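Read in order, the letters of the sequence shown are residues 907 to 1116 in the working numbering. Taking it in order: structure first as structure tokens, then the write-up.
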Amino acid sequence: MSCINFARKELQLKIVYYGPGMCGKTTNLQTIHRMIDPGTCSDMASIATDGDRTLFFDFMPLEADAVAGYTTKFQMYTVPGQPVYDMTRRLVLKGVDGIVFVADSQWSRVEDNVESLANLEENLALQGDDLASMPLVMQYNKRDLDDIAPVHYLAYTLERESLEWPWFESVATEGAGTFDTLNTISRLVLQKFVARYNEQAADQRDLVMV
Ligand SMILES: Nc1nc2c(ncn2[C@@H]2O[C@H](COP(=O)(O)OP(=O)(O)OP(=O)(O)O)[C@@H](O)[C@H]2O)c(=O)[nH]1
Ligand SMILES: [Mg+2]
């Protein structure tokens, strides 16, 4: 859903937090909302929840000065992780520009992470995207808990041949790793957008990242 509005000097890019149920997707957005300068981010909207569980999606707009002369607006979404909400995940994924895959580090959730990544791959394919060309940051969350798998093991279960995703360990409840993840996915998404734009619009003025 990336788009550029020349009249308003605005870029819009969509980032989706994906991962199994209860891995910490909503918590990532809540923590960003709590810790960020209120001027750069409006309220977060959680559409339909049942306790901790997201039943539809969370949405939060975020502004940055990342491209000279333009305001960059990131539309941040989370999907509901519970397997039953697959149709909703497909809707939320429409027009996605970049993904944060939040893996739950607990041993008991290893299989759920693998299933969720496979589900992401399938859903991207259904909309004509593929994992290999999608900017993606892997976040190994809940590193504060006791019963967690080593990162190299989690990576081994999730890796795809020839794909090297940037990754971070995190404790989303405390904000550890949250902004490393956010900064990296925003940069990747912008780099891809700017490179594609400049390639296509060779006769116009290039966009310049700041
Ligand atoms: N200990 C610990 N708990 C966490 C961490 N991140 C999230 N949680 C907790 O895990 C629970 C689920 O977090 P959510 O952010 O709601 O999970 P979600 O991925 O949005 O779940 P769904 O909406 O069902 O897909 C909450 O109780 C969080 O407080 C973490 O890093 N460490
Ligand atoms: Mg949620």
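We put the CB at the ideal spot given by N, CA and C, even for glycine. Given the structure is predicted, the values throughout are model-derived calculations rather than measurements.
Q: Write down every uninterrupted run of the beta strand (DSSP E) in the stretch 940-1004 whose length is 3 residues or greater and which is fully enclosed by it, in chain order.
A: 951-956, 959-973, 976-984
(Q) Assuming the contact rule is C-beta atoms closer than 8 Å, residue 1003 and residue 920 should be a hit. Round their C-beta distance to whole Å, please. (A) One-based indexing of the sequence shown puts residue 1003 at position 97. One-based indexing of the sequence shown puts residue 920 at position 14. So it is a contact: roughly 5 Å between Cβ atoms.
Q) Taking residue 918 as the reference, which of 1073, 928, 976 has the closest Cα? A) Sequence index remark: in the sequence shown, residue 918 carries index 12 (1-based). If we check each option's Cα against that of residue 918, 976 comes out closest.
Q: Verify the contact flag: residue 1039, CB atom, against every heavy atom of ligand 1, threshold strictly below 7 Å.
A: Here residue 1039 corresponds to residue number 133 of the sequence shown, with the count starting at 1. No.
**Q.** Closest Cα partner of residue 967 within the set 943, 990, 1045
**A.** For the purposes of this step, residue 967 is identified with residue 61 of the sequence shown, where counting begins at 1. With distances taken between Cα atoms, residue 967 lies closest to 943.
Q: Run the proximity test for residue 908: is its beta-carbon closer than 7 Å to any non-hydrogen atom belonging to ligand 1?
A: Reading the sequence shown from its first residue, position 2 is the one you call residue 908. Checking the Cβ of residue 908 against ligand 1 gives no.
Q | Selection from 1047, 1063, 1098 that minimises the alpha carbon distance to residue 924 | A | Residue 924 sits at position 18 when you count from the first residue of the sequence shown. Among 1047, 1063, 1098, the Cα nearest to that of residue 924 is on 1047.
Q | Residue range of the alpha helix (DSSP H) that includes residue 1032 | A | In the sequence shown, counting from the first residue as 1, residue 1032 sits at position 126. Element bounds for residue 1032: 1016-1032.
Q | Residue span of the alpha helix (DSSP H) that contains residue 1099, given as start and end | A | Position 193 of the sequence shown, counted from the start, is the residue given in the question as residue 1099. 1084-1106 is the span of the alpha helix (DSSP H), which, as asked, contains residue 1099.
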